[in-house]
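Numbering (my numbering), first residue to last: 98 to 236.
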């Protein structure tokens with residue numbers, strides 16, 4: 098069972114169409130400008146499109162701590178992926194957390210430091226933080 102299977106079919110199709118349209122629009126701009134995009138940047142483009150969709154339609158964006166590979170405490174890099182998106186989310190009235198504290202309050206210890214990320218409405222992210230504090234989420 099994948100997370101998208103929990104979304105009702107009509108909403109799922111709207112979601113997939115919106116993600117494809119945003120991705121195609123980014124690719125068209127890059128092609129018109131003659132920009133060559135590295136593979137890692139394409140991954141970041143999808144994250145930006147997802148956060149934009151959450152700002153417009155609501156929901157929660159999550160990349161929680163990886164329990165399979167404990168050497169990587171999260172998927173996104175704090176300095177150049179999580180912090181910029183957290184700043185945008187909070188300026189739009191949302192909230193961004195790592196499950197325990199606000200992303201923008203984290204002090205980086207290395208350039209490529211990874212962090213878990215949860216972004217969305219203030220109430221939804223605080224509910225997730227309560228879930229993690231009670232021992233129900235990734236630590």
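For glycine and all other residues, C-beta sits at the position ideal for the given N, C-alpha and C.
Assigned exposure category for residue i - 16 Cβ within 10 Å defines buried
i           : result
residue 224 : exposed
residue 205 : exposed
residue 192 : buried
residue 233 : exposed
residue 207 : exposed
residue 68  : No information on residue 68 is available, as it lies outside the stretch 98 to 236 that the chain covers here.
residue 153 : exposed
residue 102 : Bear in mind that a pLDDT of 45 at residue 102, under 50, signals an unreliable position, so the number given afterwards is only what the model happens to contain. Exposed is the call here.
residue 126 : exposed
Limits of the unbroken alpha helix (DSSP H) element including residue i
i           : result
residue 230 : 219-230
Beta strand (DSSP E) segment containing residue i, residue limits
i           : result
residue 183 : It is not in any beta strand (DSSP E) - residue 183 instead sits in the alpha helix (DSSP H) that spans 180-188.
residue 160 : 157-160
residue 192 : 192-194
Within 8 Å, strictly: CB atoms of residue i and residue j
i           : j           : result
residue 143 : residue 182 : no
residue 211 : residue 173 : yes
residue 201 : residue 187 : yes
residue 218 : residue 155 : yes
residue 222 : residue 215 : yes
beta-carbon residue i near the ligand ZN non-hydrogen atom, thresh 7 Å
i           : result
residue 149 : Annotation note on the ligand ZN: not contained in the displayed structure, which lists no ligands.
Item to check | Cβ contact (3+ pairs, closer than 8 Å) linking the region 125-135 and the region 152-172 | outcome: Here the region 125-135 does not lie against the region 152-172, with fewer than 3 beta-carbon pairs under 8 Å apart.
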